[in-house]
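Worksheet: the structure to be examined is printed underneath.
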Amino acid sequence: MKLGQSVGLAMVGAVLVAAPLGAQPPAVPEDGARPVSLQEAIDMASRNAPAAVQARGLNRNAAAARRQAVASYFPTINLSATSGNTQGTTINSFNGQLTALSGNPWSYGNTLRMDLDLFDGGRRFSEARRIRATADVAEVAATTARFDATLQVKQQFYAALAARESAAAARAQLEQADQQLKASTARVAAGVATKSDSLRSAILLGNAQLAVLTAENDLRVANASLTRVSGSTTTITASAADTLDTPVALPSEVELTMLASDGPAIRLAQSNVAVAKAAKQSQRTSYLPTLGMSFQYAFNQNSAGFAGRNLLLVGSEHATRQTMNFNINYPLFNGLLRESQSVQADVTLTNAEAQLRDVQLAAKQNLTTNLRSLQNAMARVQVQMAAIAAAEEDLRVQQQRYALGASTLLDLLTSQTTLNQARQALIQARLDSRIARAQLSVLIGREL
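Take the position in the sequence shown, starting the count at 1, then add 10; the result is the number in the working numbering.
Listed below in C-alpha cells is the structure:
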C-alpha cells in the first residue's frame, strides 16, 4: 500500500472511530481556557515566541550591517568647532607691578575633515561578502525558528487533543462501569450473583473515575503548555473542531529525501560555512598594505573684544588652512596577531564544515526515523480501529451472556478492559502520527 493511500485510510478510520470515544467536551473547559485552532496558535507563537523575536532581531541587525558595508566606500566626514577666551595678568619681577596679558582674548575655530580609504587590500569587499552571508544566516535562522516554534505548538496542541480524546474515552468507560455496577447490584439483590460481582464492579467504577480525573488533569497541563509556547496572555486550549485529522497525501520517500537535503537545518549549516569562508578571506587582507587620503579645511579667528550686547567683533583677524594628505600603512610585524587570527579563522571554517556534514547525516537519520514512525503509527491506527470494533462486539456478547448467566463477571470485566485499552492505544497512535508528521514538516521546511 502506498504511503498516501495509507494516510487516507487512517484518517477515514479515525472518523469512524470517533463516536465510540464518547461525546465531545464542552466548548469552554472547566478552567476557562479559550479554544483556538491550530493555525491561530501557530500565528500567536510566530509573533510572541522568544526564538521568533530573536530571529527578527537578527534580520534587523543584518540589514543594518549591509547598509554599513555600503557606506564604508564613502568618505567619513567630521566637523568640529572651538571657542575660547584668554585673560590674565603677569607680575613684573623688578617692581612687582601687575600687567594685563596682551593679544587677542577671544579665539574661534572650526575644522572640516574628510577621510577615505583608497585601498585596503580588499578588506571592505571581503567584509561585504561576510555580511551578505551573515544576512543569509539570519534569514534561514528566522525560517528555522518559525518551524521550531510551530513544532512546539503542534506538540502541545496535539497533546491537548489527545487529553481531550482520553477524557472522552474515560467518560465512556465511566458510563459503562456505572451501568455494570447497577446491573451487578441488581443481580446480587436477586440472588443470581455473588457479592464479589458488585465489589468488582465498584472497583471498576473507581478506576474509571480515576481515569476521568487523570485525563482532565492532563488536559489542563497541556493547555498550560500550549499557552506558554503560543505566548498567549490568556489560557487557551485546542479547539474541539480540530480533534480529527483531514486526509493528506504525503510526498513519496524519494521526494521527501530531496526536500530534507535542502531543509532549514542544512541551509543554516551551509550559511554558517559561507560566513566562515568569508571571514577567512577577510582576515587575509590584513597582510596587504592600506592607502588612505584625508582632506582638512580649518578656519580660525581671533578678536580683541566685543562692542554692545549684540557681540559685535572689534579688531578681529582670521586665517584659513587647507590640507590634503596621503598615507600608506603596512604592518611588517605585529606580534604574530595576524597569524593567530588566521589560525582561528581556519579552525572556525573547519568546525563549520564538520557541523554541516553532521547536519546532513542527521537529516537522513531523522527522515528515516520520522517516516518510519509515521508509517508505524498509521498502521497502529488501523490495527486499533479493528481491535476496537472486535472489542465492542465481544463486550456486547459478554453483556448478553452475563445477563443470561452463561458467563461470569470476570469475563465481562476482561472484555471491558480490552476495549478501554484499545481506545487508549488508538489515541496514542493518533498522537504519534501527528507528532511524526509535524517533525517531518520541520525537517523538510514545508507543511505536510
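Using N, Cα and C, we set each Cβ at its ideal position, and we do this for glycine too. The structure displayed is predicted, hence computed values, not measured ones.
- Item | Range of the contiguous beta strand (DSSP E) that encloses residue 90 | 86-95
- How is the beta strand (DSSP E) around residue 383 delimited, first residue to last? Residue 383 -> not in any beta strand (DSSP E); alpha helix (DSSP H) instead, spanning 347-414.
- Where residue 222 and residue 229 are concerned, what is the direct C-alpha to C-alpha distance, given to the nearest angstrom? 11 Å
- Query: Expressed to the nearest angstrom, what Euclidean distance is found between the alpha-carbon atoms of residue 384 and residue 260?
  - Reply: 11 Å
- Query: What's the C-alpha gap between residue 463 and residue 240?
  - Reply: Here the chain has residues from 11 to 458 only, and residue 463 is not among them.
- CB-CB under 6 Å to residue 146, same chain, minus the five flanking residues each way: which ones, in chain order? 281
- Task: Work out the CA separation of residue 122 and residue 339 for me, nearest whole Å.
- Result: 23 Å
- Message: Can you tell me where the alpha helix (DSSP H) holding residue 194 begins and where it ends?
- Response: 133-200
- Task: Enumerate in chain order the residues of its own chain whose CB-to-CB distance from residue 183 is below 7 Å, with the five nearest sequence positions on each side excluded.
- Result: 218, 221, 430
- Message: Whole angstroms are fine: how far does the CA of residue 432 sit from the CA of residue 440?
- Response: 12 Å
- Message: By the three-class DSSP mapping on this structure, what secondary structure does residue 341 have?
- Response: coil
- Message: Taking the alpha carbon of residue 363 as the reference point, which residue from 344, 215, 278, 185 has its own alpha carbon closest?
- Response: 278
- Query: Can you tell me whether residue 368 is buried or exposed, with buried defined as 16 or more other CB within 10 angstroms of its CB?
  - Reply: exposed
- Message: Going by DSSP in three states, residue 127 sits in which element: helix, strand or coil?
- Response: strand
- Message: By the DSSP assignment, the beta strand (DSSP E) with residue 45 in it spans what residues?
- Response: 44-46
- Distance between beta carbons of residue 274 and residue 153, contact taken as under 8 Å: 5 Å
- Query: With a CB to CB cut of under 6 Å and the five nearest residues on each side skipped, what residues in its chain are close to residue 118?
  - Reply: 93, 311
- Does residue 420 get closer than 8 Å to chain B when you measure Cβ to Cβ? This model lacks chain B altogether, as it is built from one protein chain only.
- Task: Look up residue 307 in the DSSP assignment and say whether it is helix, strand or coil.
- Result: strand
- Message: With a threshold of 8 Å, are at least 3 pairs of Cβ atoms found where one atom belongs to the segment 299-311 and the other to the segment 406-422?
- Response: no
- Opposing strand residues paired with residue 118 [DSSP bridges]: 93, 311
- Message: If contact is defined by three or more beta carbon pairs under 8 Å, each pair taking one atom from either stretch, is the segment 154-174 in contact with the segment 186-193?
- Response: no
- Measure the Cβ-Cβ separation of residue 304 and residue 124 and say whether it is below 8 Å. yes
- Query: Exposed or buried, what is residue 355 when buried is set at 16 or more other beta-carbons lying within 10 Å of its beta-carbon?
  - Reply: buried
- Message: Can you give me the C-alpha to C-alpha distance between residue 195 and residue 214, rounded to a whole angstrom?
- Response: 13 Å
- Considering only C-alpha positions, which residue in the set 351, 350, 306, 347 is nearest to residue 336? 306
- Message: If you reduce the DSSP assignment to three classes, tell me which class residue 67 lands in.
- Response: helix
- Task: Between the Cα of residue 242 and those of 59, 160, 334, spot the shortest distance and give me the residue it belongs to.
- Result: 59
- Task: Using beta-carbon positions only, say whether residue 136 and residue 288 come within less than 8 Å of one another.
- Result: yes
- Item | Alpha-carbon to alpha-carbon, residue 269 and residue 454 | 5 Å
- Message: If I measure Cβ to Cβ from residue 457 and keep anything under 6 Å in the same chain, skipping five residues before and after, which residues do I get?
- Response: 451
- Kindly indicate the opening and closing residues of the beta strand (DSSP E) around residue 248. 246-248
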